[in-house]
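Residue numbers (my numbering), protein chains in the order written: chain A, 443 to 851; chain B, 14 to 756.
Don't be surprised by glycine CBs; every beta carbon is placed ideally from N, CA and C.
Owing to the predicted nature of the structure, the values given are computational and were not obtained by experimental measurement.
Scroll down for the structure; my scribbles are underneath it.
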């Protein structure tokens, strides 16, 4: 059966690509896994591989042609299909699309490749109970995805609950399929709104944002000494985290190109350095943003952070305090975690995962010694910040942490 | 052919029957004028002039558009007012009609100058204050006796015995009877005079009260100001007995007829009537012929409207009471002509000054016009203040609920709790009095609600004639007086229509209308009797109608324990409270204390009778039990809330809101016909308060469209019981949809 091969979206959000060259001639056959063509995007060169065996019936697009994502580039046929079948496939309008297989990208970890769907045609009127409208608004649910079983086809509360329990369907990648029925001894803890929000946002982040990771091992001896000295003053309780925040802010000031976030149309660069702190609360992870760190003294910064943390734990943060900034810091050192990588907090472009400080053997100029070392891992949004830029920033951060006096100048 | 011809016999004898009550016409003689106390004459002259000047100022201001609403002038009728009031005490009461400035002022002036007036220094500071506050009230200003809310037609000053004039024709007369009842039973020999006109003498309130006052020997005087016209309708057109005092003998009431333009005659007639009443011989009727020089309302003469002649008006002006008293005093050498002029000038000057204090030149209007001074108006935020009391009277009471009651509880029949709590309250509070039809007989009235009480409390359980309007109005007057606390029974709720003016226009509005502070502690009991076969006119549930009246509170106890607590609260409140009962509940049983009947239920608190998660059922009275049965039958996990407090101000929004936020569905359940139903306003309010919490429209169970009729099958089909609630629950269930996720 003849069917169309559509130009895939190599990266999420891409709107067009170039078909550089065909690897199969019209009439030529191919096996599953064979390369059909080479496709170029702004950033990458990708091989389009066949999902199943077949024959290239007709190439709709020629070598070097720029094509919009989703447009047909060829008609694939099976043995026995005729020209008439090819014509039928071309004029059929919206045939079934073959989704592109996972292309391989160099230098970057694999990212999920989305076939962007055309938006579902919305019905002329949705009948929804007031309660469901409110809940859908709060949870950012697209009601056109639900079926109403109330009177007159009204979408009612139980419809929404069933849809959410089934994991939802539609554009968003399923967060979880319907779980198998649990054995009787298992405890079911119903989701809070916060748990659902965390699940949705971080799934979206992990699956749609191209993360890459960078690790550094930092000597923190001088940093800890500085902290002790600062805290010698009565009434001062500056934490290691406060110092790391200050260091990160200083690094951003020296590498301002990294203080950016990706938006559909542009890179947004911020005039001040705002960094979010990850706070574990009983209800879940919260990331309040500390504003304009560069303008705050260490002690004042310490107070600001403590206030945000307290209020986060009490559930008394304002919405605007949870938004903004290009970077987050997450510290699991107090649990003894040596090293970890964190998931980006959308729409931020970096997150710094701080591990525990430990005594370890180090080598300086060929001499073996011991030092206090901390492993930090940075996750970065490759759309906004490239590897070299991230490395530059991390190096700067490391320099400041290892020579903390430079924060003063 | 005369159909009775074959039965006609002509051997009958007839003998005239006469009334036992005297009916006389009283006229003064020269001798009366010669003997009259000079202080009395001087006081009357001074009051007549003050009132005349006051009324002229009111018309002047009305002509300038500064009196908002009507200005019913009493010019020409001052003689009837002054002559009758001048001999009264401050503890005697008067009330009047829409045309009542003259009687009000006469009473107020008599109160602040009990020893009479000095014609050389007529306007004392106290008198100036009375004039100021009265004019302020008429103009709707904050400085008035009722804070500007009463105006010309609702003038009240309790301190002076001015009980409150009334804009409903005859509306104040039953209330006056209540005041008279209180005066008599408080052991005084004070009296009450109700003033009304020839237009009112034919209305139900007046005639019912005449009967009631005579039956109960009340010290109440029905003072008929016959000014010959009700707006434009003459007395001759309106009645078959134009000698209006003639109604008195028909009710067994001593009656006088007198020339109202002769203040001395009026005074002498009133003195005689007062002696009659103070002596405990019952009510009196005084008919005074007077004449209003102007039309019903405003400053044009009636002749301008074509219903009487200028000649007639002129003839009456020649009988002007101010001129008559002055002439008689001059004849006796008690005063000079120029002094009479000076009296007039003093009155006019005082009024001109007063008008100037309340008005100022209107800088936005035409040259020479005036307006009210802006700062004298009441603040608009005052509009809804004081509709009901502030509940401070129940701030320090003992609250109990059945679920947490630690005392002894016994199985109790509902009707025994009704009689039991009334017994206890009458025992501890000697002010409580019960009124209703047959409440004093039949071993506790028609249902046993007053069982044992007439014997225990003689004279305090009053069987009334069948006159709901008069006896609930009497209760209202009693409550406003405050020395007694009436409990009035309507045998069937539908009888509220017969008494609607007293229930809604008088009792329900009195506190707010007269400024917000006057308590009206009246309890009204009635029973829903739908299902007993009494038909269309005896089967209503009055909750919906009473809920439209902001001044009424409504309680609906569904258990004996709750009845005791809610009746105790109702009796303690300073507001009118409807205590709603149901025939189906009287025979029901529950647990209640028998040795502790002094607790109250928490104010404004509903009771969750069954907890549930899927629908909030809001209901009251007998439908609580029907709802619980229906929930059992359907297996739906409903939360059933017994509202207990039904009026808008007392409804328990906290409990209702918490439930709706949990269930997202509401079913309002009641028994009666849709038109007079209670749930309409409640559903509307819920839809707006809880819109975002509702998963389906507010559902309702009610009776049918028409009032239930007597045929048993048809009656059953017309009201709601368990089956109808089952049906309602199933309708709600349909709204759940079919996505079967259970919580």
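Span of the alpha helix (DSSP H) holding residue 431/B?
Counting along the chain, the alpha helix (DSSP H) containing residue 431/B begins and ends at 427-441.
Go ahead and label residue 631/A buried or exposed: buried means 16 or more other beta carbons lie within 10 angstroms of its beta carbon, across all protein chains shown.
Looking at its Cβ environment, which holds fewer than 16 other Cβ atoms inside 10 Å, residue 631/A is exposed.
Residues of chain A with CB under 7 Å from residue 390/B, in chain order?
Ordered by position in chain A, no residue passes the 7 Å Cβ test against residue 390/B, which lies about 42 Å from the chain.
Is it right to say residue 830/A is buried, meaning 16 or more other beta carbons lie within 10 angstroms of its own, or is it exposed?
Result: exposed.
Does residue 544/A come within less than 8 Å of chain B when only Cβ atoms are used?
For residue 544/A, the predicted model reports a pLDDT of 41, less than 50, meaning its position is unreliable and no value from the coordinates is stated.
Whole angstroms are fine: how far does the CA of residue 451/B sit from the CA of residue 459/B?
The alpha-carbon of residue 459/B is positioned some 7 Å away from that of residue 451/B.
Kindly indicate which three-state DSSP category residue 448/A falls into: helix, strand or coil?
When DSSP states are grouped into helix, strand and coil, residue 448/A belongs to the strand group.
Per DSSP, residue 480/A is paired with what?
Bridge partners of residue 480/A: 463/A, 489/A.
Distance between residue 695/A and residue 737/A (C-alpha atoms, nearest Å)
The straight-line gap from Cα to Cα measures roughly 11 Å.
Quick check: what's the CA-CA separation for residue 410/B versus residue 265/B?
Going from the Cα of residue 410/B to the Cα of residue 265/B covers about 47 Å.
At 3 residues or longer, what runs of the beta strand (DSSP E) sit wholly inside the region 14-42 of chain B?
The qualifying runs are 36-39.
Take residue 6/B and list the residues in its own chain whose beta-carbon comes closer than 6 Å to its own, dropping the five residues that flank it on each side.
In the structure displayed, chain B extends from 14 to 756; residue 6/B sits before or after that span and is not available.
Listed in chain order, which residues of the region 565-591 of chain A have Cβ atoms closer than 8 Å to some Cβ of chain B?
Of all residues in the region 565-591 of chain A, 571, 572, 573, 574, 575, 576, 590, 591 have a Cβ within less than 8 Å of some Cβ in chain B.
Interface positions of the region 61-91 of chain B facing chain A (Cβ-Cβ less than 7 Å), listed along the chain
The region 61-91 of chain B vs chain A, Cβ under 7 Å: nothing.
Which residue wins for smallest C-alpha separation from residue 151/B, given the options 563/B, 627/B, 244/B, 70/B?
Comparing Cα-Cα distances from residue 151/B to each of 563/B, 627/B, 244/B, 70/B, the minimum goes to 70/B.
Partners in chain B for residue 601/A, counting only beta-carbon separations shorter than 9 Å:
Proximity of chain B to residue 601/A at the Cβ level (cut-off 9 Å) is accounted for by 750, 751, 752, 754, in chain order.
When burial is assigned at 16 or more other CB atoms within 10 Å of the CB, is residue 493/B buried or exposed?
Buried, since its Cβ has 16 or more Cβ neighbours within 10 Å.
Three-state class that DSSP yields for residue 777/A in the structure shown
Reduced to three states, the DSSP call for residue 777/A is helix.
Keeping to the same chain, check which residues put their C-beta closer than 6 Å to that of residue 591/A; ignore five residues upstream and five downstream.
Taking C-beta separations shorter than 6 Å and ignoring five residues to either side along the sequence, the partners of residue 591/A in its chain run 601, following chain order.
Interface flag, residue 707/B vs chain A, CB-CB below 8 Å:
Yes, its Cβ sits closer than 8 Å to a Cβ of chain A.
Would you list the residues sitting across from residue 678/A in a DSSP beta bridge?
Paired residues: none, contrary to the question.
Can you check whether the C-beta of residue 598/A is within less than 8 Å of a C-beta belonging to chain B?
Chain B contact via Cβ: present.
List the residues that DSSP assigns as beta-bridge partners of residue 657/A.
The bridge partners DSSP lists for residue 657/A are 819/A.
According to DSSP, is residue 566/B helix, strand or coil?
In this structure, residue 566/B counts as strand in the three-state DSSP scheme.
Closer than 8 Å, CB to CB, is residue 479/A near chain B or not?
No, no contact with chain B.
Rounded separation between residue 128/B and residue 122/B - CA only
Roughly 10 Å between the two C-alpha positions.
With DSSP run on the structure shown, which of helix, strand or coil describes residue 412/B?
Secondary structure at residue 412/B: strand, using DSSP grouped into helix, strand and coil.
What residue does the alpha helix (DSSP H) around residue 354/B start on, and which one ends it?
That run of the alpha helix (DSSP H) goes 350-371.
Chain B within 8 Å of residue 548/A, Cβ atoms only:
For residue 548/A, the predicted model reports a pLDDT of 44, less than 50, meaning its position is unreliable; a value from the coordinates is still stated below. No, residue 548/A does not count as interfacial toward chain B.
On the three-state DSSP scale, how would you describe residue 825/B?
The question about residue 825/B has no answer here: the residues shown for chain B are numbered 14 through 756.
Label residue 819/A either buried or exposed according to how many other C-beta atoms from any shown protein chain fall within 10 Å of its C-beta, with 16 as the threshold for buried.
Burial is judged here by how many other beta carbons sit within 10 angstroms of a residue's own beta carbon; residue 819/A has at least 16 and is buried.
Which bits of chain A does residue 747/B rub up against, with CB to CB less than 9 Å?
592, 593, listed in chain order.
Start-end ranges of the beta strand (DSSP E) lying completely within the region 204-281 of chain B, minimum 3 residues:
Counting whole runs of 3 or more residues, the region 204-281 of chain B contains the beta strand (DSSP E) stretches 205-210, 233-239, 267-272.
Is there a C-beta anywhere in chain E that falls below 8 Å from the one on residue 677/B?
Structure shown: chain E not included; protein chains present are A and B.
DSSP has residue 709/A in a bridge; who is on the other side?
According to DSSP, residue 709/A bridges with 704/A.
Any 3 or more C-beta pairs closer than 8 Å across the region 103-123 of chain B and the region 40-55 of chain B
By the Cβ test, the region 103-123 of chain B is not in contact with the region 40-55 of chain B, since fewer than three Cβ pairs between them sit closer than 8 Å.
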